[in-house]
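Take any residue in the sequence shown, count from 1 to its spot, add 157: that is its number in the numbering used here. Heads up, the thing below is written out as structure tokens.
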Amino acid sequence: MAEMTESKNFIHAFIDEDIAEGGRYEGQTVHTRFPPEPNGYLHIGHCKALIIDFGTAEKYNGMCNLRMDDTNPTKEDVEFVEAIKEDIHWLGFDWGDRFFYGSDYFEKDYEYAVELIKKGLAYVCELTPEQAKEYRGDLNTPATSPWRDRPIEESLDLFARMRAGEFEDNKYTLRAKIDLASGNFNMRDPVIYRIRHMHHHRQGDKWCIYPMYDFAHPIQDALEGITHSLCSLEFENHRPLYNWVVENVSVPHTPRQIEFARLGIDHTVLSKRKLRALVENGYVSGWDDPRMPTLCGLRRRGYTPAAIRNFCDRVGVAKSPNTIEYGFLEHCLREDLNETAQRVMAVLKPVKLTITNYPEGQSEAMVVENNPNRPEDGTREVTFSRNLWIEADDFLAVPVPKYKRLYPDGPECRLKGAYLIKCTGCVTDADGNVVEVLATYDPASRGGDPADGRKVKGATIHWVDAQTAVDAEVRQYSNLFDDPDPDAAGKDFLACLNPNSLEVLTGCKVEASLACAQAGSSYQFMRLGYFCPDSKDSAPGHLVFNRSVNLKDSFKSSK
Ligand code: ATP
Ligand code: MG
């Protein structure tokens with residue numbers, strides 16, 4: 158994948174140039190900010206921005222502010238502010254004491270707007286929203302603006318009365334006086350303030366006029382001494398306006414905006430609006446449903462900060478939009494868990510196995526390694542006895558070609574870490590369903606290897622002792638969307654949902670060491686995948702595991 162090998166970071170190249178030139182950043186350390194709008198939970202796309210913002214600050218020994226972008230009064234929700242902080246800390250980033258709210262600058266925004274009016278660079282307009290559209294012009298026709306030449310005194314008076322609450326919503330706007338003929342429509346005298354008689358989650362009813370993002374954001378950046386304002390590509394066309402604001406109001410600093418491509422991942426949507434729709438319409442159990450691409454969903458699914466950060470690092474920082482395979486995210490998780498997760502045995506679709514020549518009432522402890530990649534994690538004991546659970550599909554009454562597992566008079570198979578066995582038959586119920594598999598074991602093969610060095614032709618299968626096994630529920634997930642690109646513009650993403658993205662298995666049997674498994678730990682269930690206890694629903698006595706990722710790697714680095 159080209160974008161993964163050429164992960165040269167053009168943002169750092171720009172910053173290096175700025176530092177070399179001195180000029181407007183003379184004496185300043187590199188200072189970035191992450192400005193989430195608190196109208197939803199962070200998703201993995203935000204992670205990319207976080208890594209760019211905090212990572213750039215780290216690289217240059219600088220600082221990164223966390224600023225809630227709450228200028229828009231319509232959507233904010235306090236619940237999200239705390240969740241956003243928690244997720245950022247979980248990823249391992251810290252803003253120190255530099256936590257801000259965009260709305261804390263409303264008074265300053267107002268003063269700068271007045272400054273623009275006084276300079277003849279802003280005016281109160283009274284076009285209705287419909288008229289404003291009509292007067293906007295098109296690529297060949299400049300916009301028209303009948304209130305452009307309103308005297309400064311009159312605009313100052315009206316703007317003050319707008320703030321005082323004298324007018325209803327949309328009666329007036331404040332517009333920057335820039336260029337009605339600009340090829341960039343954002344520069345055609347953009348609205349910078351509008352009237353909204355709405356309650357603000359922090360400011361209460363103090364304000365009934367609210368600044369537009371394009372006006373407020375550069376001011377916030379400049380007031381906080383941000384040197385580099387890193388944002389996604391949709392703001393590229395807004396950069397001239399950003400620069401115009403910074404140049405025309407008397408802010409203390411001149412931040413530079415640099416845009417990067419948004420992260421896209423196939424088979425999912427990365428837009429808070431769409432994620433919110435999934436939650437509100439009950440398609441998922443919440444923002445932290447383990448199928449969600451939110452950080453809280455990924456965390457509940459068993460993703461680690463290391464896996465997510467590694468994924469973002471390897472995707473790199475690009476200037477052109479890129480959609481990454483979901484399989485690559487899974488690949489990064491698998492790599493991490495392969496190093497860190499403890500190996501255990503669990504049987505998800507159990508059938509009973511009886512070792513007919515093993516004495517009844519006897520049992521023994523087999524010593525198995527916890528993680529071959531981490532010898533320091535040591536070993537543990539698993540109980541072996543005459544009655545075990547194995548996966549139902551590790552037995553076939555009538556084998557299919559090339560089947561190397563258990564079938565009557567089939568090959569010798571290895572019970573992982575225990576003994577070699579040979580299947581001798583099975584017991585079926587009245588309907589012909591297999592209810593018990595029968596086998597004999599070789600007592601001389603303790604540990605799983607033949608004493609005489611003979612070749613074992615069958616497969617190695619996992620098992621759990623029936624007497625000591627613990628019951629569990631296991632939730633297996635697959636793509637939330639069947640369609641590879643549900644996020645495409647104009648697509649009905651809800652129609653792309655995979656109706657089978659969640660499979661719940663009950664009556665699974667896990668080894669006794671998992672009886673007290675705690676959320677936050679990860680396990681490799683041998684031959685099955687990586688699993689973690691569900692942070693909401695799992696408890697001793699009622700174990701619930703989420704499949705984080707299966708073992709098979711569908712991602713090919715050569716693609
Ligand atoms: P959404 O469409 O999901 O609501 P947003 O851009 O409105 O996204 P914000 O809370 O405003 O969400 O985002 C905070 C920061 O994260 C912004 O700087 C934004 O550019 C960045 N960001 C959001 N989504 C992505 C993404 N998919 N890839 C990279 N950066 C992103
Ligand atoms: Mg936004």
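Think of the CB as a built atom: it goes at the ideal place given N, C-alpha and C, for glycine as much as any other residue. Quick caveat: nothing in here was measured; it's all calculated off a predicted structure.
Do residue j and residue i have their beta-carbon atoms positioned less than 8 angstroms apart in this structure?
i	j	result
alanine 373	valine 403	no
asparagine 707	lysine 429	no
alanine 503	glutamate 660	no
tyrosine 515	tyrosine 598	yes
valine 271	phenylalanine 316	yes
serine 695	alanine 676	yes
lysine 328	glutamate 283	yes
glutamate 381	asparagine 222	yes
tyrosine 367	arginine 353	yes
aspartate 227	tyrosine 258	yes
alanine 206	serine 386	no
proline 447	arginine 457	yes
alanine 498	tyrosine 680	yes
proline 286	asparagine 343	no
isoleucine 274	valine 474	no
alanine 652	leucine 545	no
phenylalanine 392	glutamine 414	yes
lysine 614	glutamate 569	yes
tyrosine 483	asparagine 703	no
arginine 320	tyrosine 267	yes
Quick one, which of the options has its alpha-carbon nearest residue i's?
i	options	result
aspartate 470	Lys666, Ile209 and Gln681	Ile209
serine 711	Phe256, Leu490, Pro607 and Arg224	Leu490
proline 507	Asp446, Tyr460, Glu593 and Tyr370	Glu593
glycine 574	Gly698, Asn527 and Val627	Asn527
glutamate 521	Val584, Thr513 and Val539	Val539
phenylalanine 250	Ala498, Asp261, Tyr292 and Gly212	Gly212
lysine 648	Ala616, Gly179 and Val426	Val426
histidine 699	Met225, Arg603, Glu630 and Tyr217	Glu630
leucine 296	Ala338, Ala333, Ala289 and Glu287	Ala338
lysine 276	His203, Gly184, Tyr267 and Val406	Val406
lysine 431	Pro303, Glu311 and His200	His200
glycine 294	Trp304, Cys204 and Arg345	Arg345
asparagine 495	Thr513, Phe468 and Asn530	Asn530
lysine 709	Asn703, Tyr687, Pro697 and Lys693	Tyr687
glycine 582	Pro607, Ala554 and Gly589	Ala554
histidine 566	Ala587, Pro193 and Leu595	What sits at residue 566 in the sequence shown is aspartate, not histidine. Answer by Cα proximity: Leu595.
lysine 476	Lys290, Arg181, Asp445 and Phe417	Phe417
Between residue i and residue j, which are expected to be in contact by the criterion C-beta below 8 angstroms, what is the C-beta distance as a whole number of angstroms?
i	j	result
phenylalanine 682	valine 557	Not quite, the Cβ-Cβ distance comes to about 24 angstroms (not below 8 angstroms), so this is no contact.
arginine 571	glycine 605	5 angstroms
leucine 420	isoleucine 465	With 8 angstroms as the limit, leucine 420 and isoleucine 465 do not qualify as a contact, their Cβ atoms being about 11 angstroms apart.
threonine 384	proline 412	6 angstroms
serine 678	cysteine 689	7 angstroms
proline 641	histidine 358	Actually they do not touch by this definition, with Cβ atoms about 37 angstroms apart.
cysteine 580	phenylalanine 552	7 angstroms
arginine 332	isoleucine 349	7 angstroms
tyrosine 576	serine 602	5 angstroms
arginine 543	threonine 511	6 angstroms
serine 302	valine 281	That belief does not hold up - the Cβ atoms of serine 302 and valine 281 are roughly 11 angstroms apart, past 8 angstroms.
What residue range does the alpha helix (DSSP H) around residue i cover?
i	result
cysteine 583	Here cysteine 583 belongs to no alpha helix (DSSP H); instead the beta strand (DSSP E) covers 577-585.
phenylalanine 682	Not the alpha helix (DSSP H): phenylalanine 682 falls in the beta strand (DSSP E), residues 680-682.
leucine 248	235-248
aspartate 266	263-275
Could you check where the beta strand (DSSP E) with residue i kicks off and where it finishes?
i	result
threonine 536	536-542
threonine 213	Where threonine 213 is concerned, there is no enclosing beta strand (DSSP E), although the alpha helix (DSSP H) it sits in stretches over 201-216.
histidine 188	188-191
valine 557	Neither: valine 557 is in no beta strand (DSSP E) and is coded neither H nor E.
phenylalanine 688	686-690
phenylalanine 167	Per DSSP, phenylalanine 167 belongs to no beta strand (DSSP E); it is in the alpha helix (DSSP H), 167-178.
tyrosine 198	Counting along the chain, tyrosine 198 falls outside any beta strand (DSSP E), and DSSP gives it neither H nor E.
glutamine 630	Checking the displayed sequence, the identity of residue 630 turns out to be glutamate instead of glutamine. Per DSSP, glutamate 630 belongs to the beta strand (DSSP E) from 627-634.
leucine 572	570-572
serine 705	700-707
asparagine 222	220-225
glycine 664	659-667
valine 591	591-598
glutamine 499	499-501
phenylalanine 552	No beta strand (DSSP E) contains phenylalanine 552, which DSSP labels as neither H nor E.
phenylalanine 256	256-258
Fully enclosed by the segment 411-490, which beta strand (DSSP E) runs are 3 residues long or longer? If we require 3 residues or more, the beta strand (DSSP E) runs fully inside the segment 411-490 come out as 413-417, 420-422 and 479-481.
Can you list, in chain order, the stretches of the alpha helix (DSSP H) that have 4 or more residues and sit fully within the segment 339-409? For the segment 339-409, whole alpha helix (DSSP H) runs of length 4 or above, ordered along the chain, are 370-380 and 396-405.
Start-end ranges of the alpha helix (DSSP H) lying completely within the segment 279-332, minimum 4 residues: Qualifying alpha helix (DSSP H) stretches, in chain order: 286-291 and 309-321.
Scan the segment 505-538 and note each continuous beta strand (DSSP E) run of 3 residues or more that stays entirely inside, going in chain order. Counting only runs of 3 or more, we get 507-512 and 520-526.
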